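Working notes, beginning with the structure itself.
Residue numbers (the working numbering): 8 to 251.
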């Protein structure tokens, strides 16, 4: 007796492809049969078993899968196609097919029940049997968020923080080397000029502007030259009048 599975939640089909028997060897001209099954409810989500390479017409897989049901249960059909697996790009020989209306499934909640169905050729002629386990289940809800954990960094910022260069500060350290070099070059002049530069540097309070330093050096150098010139003139005056 078929039973319905009314539910407002999304449903999944729990399916285990167990085995098959009485299969015809569609590869009898070339060797043993190596069958595998392709199955789906939604044709855009097809799954497949591995091929059974034992060479038997009684293959065993025991592979379990979960298929989401995108349509209501009474509109959903399970489709299975079994092929012989060949190591080539050519089309693979069909062994048999099955189409099952899930609304007719007996005990749809029993995933341990072994169910046997006939496989058929496209003509409708029986072509072996397949054994599977089926159960319809409610899809589990996603876990609730844990509010005790810290939210991701993007939770607080809708956009990335501005780049540091836009904060108004210098993008690189200020280089004071030219000022130091200028002080050293000033000391390498004459003795009087060096003293004058040191005094001027102290008066200017350590200004680092190259143009101002150059202008002050020129003024001091002119004054020193003038002092030396005056001293020379005064010496001549003393010798002229007999002062020693």
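Beta carbons are placed, not taken as given, at the ideal position from N, Cα and C, and that holds for glycine. Since the structure is predicted, the reported quantities are computational estimates derived from the model, not experimental observations.
Straight-line Cα distance separating residue j from residue i
i	j	result
residue 74	residue 114	18 Å
residue 121	residue 141	8 Å
residue 304	residue 62	Coverage of the chain is limited to positions 8 through 251, which leaves residue 304 absent and any answer about it impossible.
residue 123	residue 150	36 Å
residue 104	residue 66	16 Å
residue 85	residue 106	6 Å
residue 68	residue 88	15 Å
residue 97	residue 79	37 Å
residue 126	residue 51	22 Å
residue 152	residue 18	23 Å
residue 117	residue 72	15 Å
residue 133	residue 60	23 Å
residue 27	residue 128	15 Å
residue 148	residue 21	16 Å
Three-state secondary structure assigned by DSSP to residue i
i	result
residue 121	strand
residue 111	helix
residue 91	strand
residue 105	strand
residue 85	strand
residue 144	strand
residue 222	helix
residue 80	helix
residue 131	coil
residue 68	strand
residue 164	At residue 164 the pLDDT is 38, less than 50, meaning the model places this residue with poor confidence; the figure from the coordinates comes in the next sentence. Coil.
residue 39	coil
Same chain, Cβ closer than 7 Å to residue i, neighbours up to 5 away in sequence not counted
i	result
residue 58	41, 42, 43, 92
residue 81	110
residue 100	33, 34, 90, 91
Cβ-Cβ distance between residue i and residue j below 8 Å
i	j	result
residue 30	residue 56	no
residue 25	residue 138	yes
residue 70	residue 23	yes
residue 102	residue 135	yes
Own chain partners of residue i with C-beta closer than 6 Å, once the 5 adjacent residues on each side are dropped
i	result
residue 83	48, 76, 109
residue 39	62
Close beta carbons around residue i, own chain, < 8 Å, minus the five adjacent residues each side
i	result
residue 53	45, 46, 47
residue 146	16, 17, 18, 19, 75
heavy atom of the ligand FAD below 7 Å from residue i C-beta
i	result
residue 122	Ligands are entirely absent from the displayed structure, and the ligand FAD is therefore not among its contents.
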